[in-house]
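Undergrad:
Residue numbers (our numbering), protein chains in the order written: chain V, 1 to 184; chain Y, 1001 to 1373.
1. My parser needs the beta strand (DSSP E) runs of 3 or more residues fully inside the stretch 1119 to 1169 of chain Y; what are they?
2. Thinking C-beta only, is residue 100 of chain V closer than 8 Å to residue 111 of chain V?
3. Does residue 41 of chain V pass the burial test, meaning 16 or more other C-beta atoms within 10 Å, or should it be called exposed?
4. Output the boundary residues of the beta strand (DSSP E) element that contains residue 1318 of chain Y.
5. Which residues in chain Y sit within 8 Å of residue 85 of chain V, going by Cβ to Cβ distance?
6. Looking at chain Y, is there any beta carbon in it that lies within less than 8 Å of the beta carbon of residue 134 of chain V?
7. Going by alpha carbons, who is nearest to residue 115 of chain V out of V/87, V/123, V/83 and V/44?
8. List, in chain order, every chain Y residue whose beta-carbon is nearer than 8 Å to that of residue 191 of chain V.
9. Could you work out which residues of chain Y lie near residue 62 of chain V, taking near to mean beta carbons separated by less than 8 Å?
10. Mapping DSSP to helix, strand and coil, what is residue 46 of chain V?
11. What are the residues of the stretch 46 to 60 of chain V that lie near chain Y, defined by any Cβ-Cβ distance shorter than 9 Å?
12. Please report how far the alpha carbon of residue 1232 of chain Y lies from the alpha carbon of residue 1046 of chain Y, in whole angstroms.
13. Do the CB positions of residue 1221 of chain Y and residue 107 of chain V come within less than 8 Å of each other?
14. Whose CA, out of Y/1373, Y/1170 and Y/1118, lies closest to the CA of residue 1193 of chain Y?
15. First and last residue of the beta strand (DSSP E) that includes residue 127 of chain V?
16. Does residue 1016 of chain Y pass the burial test, meaning 16 or more other C-beta atoms within 10 Å, or should it be called exposed?
17. Does the separation of the CB atoms of residue 1152 of chain Y and residue 1175 of chain Y fall below 8 Å?
18. So which residues of chain V does residue 1243 of chain Y contact, with C-beta pairs closer than 8 Å?
19. Determine which residues share a DSSP beta bridge with residue 1308 of chain Y and list them.
20. Is the distance from the Cβ of residue 171 of chain V to the Cβ of residue 147 of chain V below 8 Å?
21. Can you tell me where the alpha helix (DSSP H) with residue 1182 of chain Y in it begins and where it stops?
22. Does residue 89 of chain V come within less than 8 Å of chain Y when only Cβ atoms are used?
23. Listed in chain order, which residues of the stretch 1039 to 1065 of chain Y have Cβ atoms closer than 7 Å to some Cβ of chain A?
24. For residue 1391 of chain Y, does the count of other Cβ atoms within 10 angstroms reach 16, so buried, or fall short, so exposed?
25. With DSSP as the reference, identify every bridge partner of residue 98 of chain V, one or two as the case may be.
26. Ordered along the chain, which non-local residues of its own chain (more than five positions away) have a Cβ less than 6 Å from that of residue 1275 of chain Y?
27. How would you label residue 1071 of chain Y, buried or exposed, when you count the other beta carbons within 10 angstroms and need 16 or more for buried?
28. Using beta carbons (cut-off 8 Å, strictly below), is residue 1019 of chain Y in contact with chain V?
29. Between which residues of its own chain and residue 1268 of chain Y is the CB-CB distance below 6 Å, once the five residues before and five after are set aside?
30. On a Cα-Cα basis, can you pick out the residue from Y/1203, Y/1160 and Y/1095 that is closest to residue 1122 of chain Y?
31. Using the rule of at least 16 other Cβ atoms within 10 Å of the residue's Cβ for burial, across every protein chain shown, is residue 178 of chain V buried or exposed?
32. I'd like the list of long-range same chain contacts for residue 1386 of chain Y, defined as Cβ closer than 6 Å, with 5 residues on each side in sequence excluded.
33. Indicate the three-state DSSP secondary structure (helix, strand or coil) for residue 175 of chain V in the structure shown.
34. Between residue 1357 of chain Y and residue 1349 of chain Y, how many whole angstroms is the CB-CB distance? I'm expecting something under 8 Å.
35. Is the Cβ-Cβ distance between residue 97 of chain V and residue 149 of chain V less than 8 Å?
36. Would you check if the distance between the CB atom of residue 1287 of chain Y and the CB atom of residue 1051 of chain Y is smaller than 8 Å?
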């Protein structure tokens, strides 16, 4: 499926209640003419934010509350069927901490990137996706080690690489270790 | 831990035992926490981090040319392919036009690396299940490839032959002839491997029906490389997302549907044949031209995110770069094949014996620095 079609399909799963009130007239317009739909709307029709800028994949930014339900639909829907989570990365964006999920469908061979961020650096928590893709169990433990991000409902959330008494989150940008880190 | 009475007479007891980190069958410093009942495995839990060097953190401080060298130290048996992955991500981001000569040479050396890696795997795999001879046979043939690498790349294992923009230097004048000699030699040796080990009754009994992984589980666990293909899961990055000169060659994706240890073993043997075929198709047609294009001394990637997937000897290696436009990546993540493949070990080992665990682990072909990054 092409990125545009994916965007229309997935965006429709999470309609923005705000957008309906403002732009009821816009929904009536012809769907093939993209400009008419895009131009007058200041409000995103979906709760998800899509972008293709600065990336080779279609990117979706999702709110933490919708993460799990989006992910399970992406896997179970037969038009998307993203059954292969090929990369799960934690990222420290500075103000926010985030997770980036790279997904591929082995039947349709299309790819997608899902991102989720939180501004809570003290106690960052997301829902686990390891009930959807088993590979996420280890990848989420890796993120837990190095970014201190917790995952709700994770079956075995404990340090995978680090020792139990380790302090700090090594891959965060504000981590300091004067002995072992060489700063240039 | 837990005591249950079996047949009213004997007591069965679950207990806990460490396998590794210095166990010879774990090929490095991998520690497995085993929960066993007699010899039946109830649970396998890997404990990692004994040689973690935090390469991803180091990358955030290094330039892109330096990062290439760090990737050797992940999966050291497919170092050339790891180097290539980082070079490709940089070249694609800079939109550099890479000469065909470079692409072809990279692919040939990449396939030689794959054969060398599989030779070593075949040797230690036999040793893990009790056949010491294979170790010497595998290393004998791998030695020829290492000699080729030494002459052209200057190193035998951690080659660093790729640089962003091309190759470190041109191939050695002997490269083509020695590679052809190797292909001719190795074609007579794979049947020898089959005669020695594949058809062996004891070996077959150790492997057949052991460590079964279904296709659905393989996809869900993110299995890649021969582990996924042994379960009938078509996951060859060279087929689905071809890079370098791989779109110019024809080869078959090695696939088996049984999903057991023997299937994973046979996939690797088939892959050696396919790699030989790829090398044969390219070795006579190495185009003339430059062996690199000039890049700036300080490489700055444009702001954005880049992802490159390559098929390393153990499966899919992914390099995910987030750049803010500076000379260092903001974040660089390696999706290593061994890490995902290890995560399914518990799934395929539970219910089997400790000996089966060793056999299953040998066919997962684990390289610990690749997991510990």
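Beta carbons are placed, not taken as given, at the ideal position from N, Cα and C, and that holds for glycine.
Predicted, not measured: the structure shown is a model, and the values here were computed from it.
TA: Looking at the coordinates:
1. Runs found: none.
2. no
3. Note on residue 41 of chain V: pLDDT 49, under 50, position unreliable in the model; no value is reported.
4. 1315 to 1323
5. 1222
6. yes
7. Distance check between residue 115 of chain V and each of V/87, V/123, V/83 and V/44 places V/87 closest, using alpha-carbon atoms only.
8. In the structure as shown, chain V starts at 1 and stops at 184, and residue 191 of chain V therefore has no counterpart that could be examined.
9. Under the 8 Å cutoff, chain Y gives no residues; its nearest Cβ is about 17 Å from residue 62 of chain V.
10. strand
11. So the list reads 53, 54, 55, 56, 57 and 59, given in the order they occur along the chain.
12. The alpha-carbon atoms of residue 1232 of chain Y and residue 1046 of chain Y are separated by roughly 26 Å.
13. no
14. Nearest C-alpha to residue 1193 of chain Y: Y/1118.
15. 125 to 127
16. exposed
17. yes
18. Result: empty, since nearest Cβ-Cβ is about 13 Å, beyond 8 Å.
19. Y/1319
20. yes
21. 1175 to 1193 is the extent of the alpha helix (DSSP H) around residue 1182 of chain Y.
22. By this cut-off, residue 89 of chain V is an interface position.
23. Given the protein chain composition of this structure (V and Y), no chain A is represented.
24. Residue coverage of chain Y in this structure runs from 1001 to 1373, which leaves residue 1391 of chain Y outside it and unanswerable.
25. V/91 and V/117
26. 1111, 1114 and 1115
27. The C-beta of residue 1071 of chain Y has 16 or more other C-beta atoms within 10 Å across all chains shown, which makes the residue buried.
28. no
29. 1118 and 1226
30. Residue 1122 of chain Y has its Cα closest to that of Y/1203, out of Y/1203, Y/1160 and Y/1095.
31. exposed
32. Nothing about residue 1386 of chain Y can be read from this structure; chain Y reaches only from 1001 to 1373.
33. coil
34. 5 Å
35. In this structure, the beta-carbon distance from residue 97 of chain V to residue 149 of chain V falls below 8 Å.
36. Judged by beta-carbon spacing, residue 1051 of chain Y lies beyond the 8 Å limit of residue 1287 of chain Y, meaning their Cβ atoms are not closer than that value.
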